[in-house]
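Asker: According to my numbering, the sequence shown holds residues 1095 to 1475 in order. Backbone N, C-alpha and C define an ideal beta-carbon position, used for all residues, glycine too.
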Amino acid sequence: MTVTSITRKRAEQVASEHEVLTRRRSLALLLAPVALLLLIGLGALLSASSVESLERFGDSLYYFRRQTMWLGAGLIALVISARVPYRLYQRWAIPILAVSLIGLVSVLLVGIVGGGSRRWLAIGPVTIQPSEFSKFAVIVFLSAVMIRKGDRANDYRHFFGPVIASVGISGLLLLSQPDLGTAMMLSFAALAVLLVSGAPLRYVGGLIAAGSLVVLISVWRFSYQFDRIMAFVDPFADATGDGYQPVQAMYALGTGGWFGIGLGESRARWAYLPEAHTDFIFAIIGEEMGLIGALGVILLFATFTVGGIVIAIRAKDLFGRCLAVGIVAWIGGQAIINIGAVTGALPITGISLPFVSSGGSALIVSLSATGVLINIARSDS
1095 MTVTSITRKR AEQVASEHEV LTRRRSLALL LAPVALLLLI GLGALLSASS
1145 VESLERFGDS LYYFRRQTMW LGAGLIALVI SARVPYRLYQ RWAIPILAVS
1195 LIGLVSVLLV GIVGGGSRRW LAIGPVTIQP SEFSKFAVIV FLSAVMIRKG
1245 DRANDYRHFF GPVIASVGIS GLLLLSQPDL GTAMMLSFAA LAVLLVSGAP
1295 LRYVGGLIAA GSLVVLISVW RFSYQFDRIM AFVDPFADAT GDGYQPVQAM
1345 YALGTGGWFG IGLGESRARW AYLPEAHTDF IFAIIGEEMG LIGALGVILL
1395 FATFTVGGIV IAIRAKDLFG RCLAVGIVAW IGGQAIINIG AVTGALPITG
1445 ISLPFVSSGG SALIVSLSAT GVLINIARSD S
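1) Can you tell me which residues form a DSSP beta bridge with LEU1215?
2) Could you tell me which uninterrupted alpha helix (DSSP H) segments, each at least 4 residues in length, are contained entirely in the region 1364 to 1412, listed from first to last along the chain?
3) For the alpha helix (DSSP H) containing VAL1199, name the first residue and the last one.
4) Answer yes or no: do VAL1232 and MET1278 have a C-beta to C-beta separation smaller than 8 Å?
5) The alpha helix (DSSP H) that contains VAL1309, what's its start and end?
6) Is the beta carbon of ILE1430 closer than 8 Å to that of ALA1418?
7) Note down the Cα distance separating MET1240 from ALA1247, rounded to an integer number of angstroms.
8) Bridge partners of GLY1208, per DSSP?
9) Leaving out the 5 sequence neighbours to the left and right, which residues in its chain are closer than 8 Å to ALA1463 when beta-carbon positions are compared?
10) Can you find at least 3 beta carbon pairs, one from the region 1330 to 1346 and one from the region 1456 to 1470, that sit closer than 8 Å?
11) Grouping DSSP H, G and I as helix and E and B as strand, with all else coil, what is GLU1439?
12) Using DSSP with H/G/I as helix, E/B as strand and the rest coil, what is PHE1449?
13) Only counting the same chain, and skipping five residues up and downstream in sequence, which positions put a Cβ closer than 8 Å to that of GLY1438?
14) What span of residues does the alpha helix (DSSP H) with THR1276 cover, start to end?
15) How many angstroms separate the CA atom of LEU1124 from the CA atom of ALA1388?
16) According to DSSP, is ILE1158 helix, strand or coil?
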């Protein structure tokens, strides 16, 4: 064996070791924050939901027990999705989108109404929210189709056809529930996929303009959405009406101070803050764990986002890169919107905090998507 071949073999070995080390670091950046967010979520949920659980069901642990069951199912889904080769989603993109659209249509036909919206399907004793699955379905479909289109995407017919079939139809079905927050979140994730896939910027700009117009029409059509915007502008102008929820969230966060009033000591959960265990659970975290705890949660989401971006950059093909970016934009963007709404930096949209808020469908789909990221990171070729 020559010196040159030995040197080449050693260089390949070093490169392989570096690849393994980088992969482990990216997985750590992904999984460590998810694990901590799940633990924080269970603790915050136990406190935030205890009063409502006792009043509605006579059991202060009702929501907590239910969430632990969903968490178990979500962890199983994560393990399974981490083992399923992510390229299979490319092959099954159309059926996945079709199932998603069937779910959204079913909600409008036979769904359960709650909080003024029709968003849930009852399957025996279990309720599911198809809109959560629609985010992943649209990401998969656009990632697969836009890559297959390639240079043909420069033709507006090849570009707008898939976008309308996925984002357009899904968005309209979501707006019909109505669920503006999820429609906006789905569109944001789709936009990230389109940008990474190399879609023409002039078409992407047109989509942003069209989407903005749709949002304005929705706000004009549904008065409660307009009221939420007004409450965002000045919540204290109607502190007992439309501004009640954001005002109570601010009080809870302000009460927490630097280090919080203590775990399980929340006052806002005593019927002061509506949706304390779902959309506004971040306010309970800030109240009980203080600014330090709240910033810690934000840091965990930032770490997750960085880990996901690293995985996307190192993906072996464009489909994996688009898929990873879409998932990161969805989960990271949803965290930003939820925390922004709770802190008063953004209008209330009614979307949950990933991995933390109560909700089975959201938890299972988010953990499944995390498993997909793991599979992309572990893919060798």
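Answerer: A quick look at the data gives this:
1) Beta-bridge pairing links LEU1215 to ILE1222.
2) 1375 to 1407
3) 1187 to 1204
4) no
5) 1295 to 1315
6) no
7) 7 Å
8) In DSSP, GLY1208 forms a bridge with SER1211.
9) SER1175, PHE1230, ILE1421, TRP1424, ILE1425
10) no
11) The amino acid at residue 1439 is misidentified as Glu; the sequence shows Ala. ALA1439: coil per DSSP, three-state reduction.
12) coil
13) PHE1326, PRO1329, PRO1340, ALA1343, MET1344
14) 1274 to 1291
15) Those two C-alpha atoms are separated by around 19 Å.
16) According to the sequence provided, residue 1158 is Phe. The question's Ile does not apply to it. It is helical.
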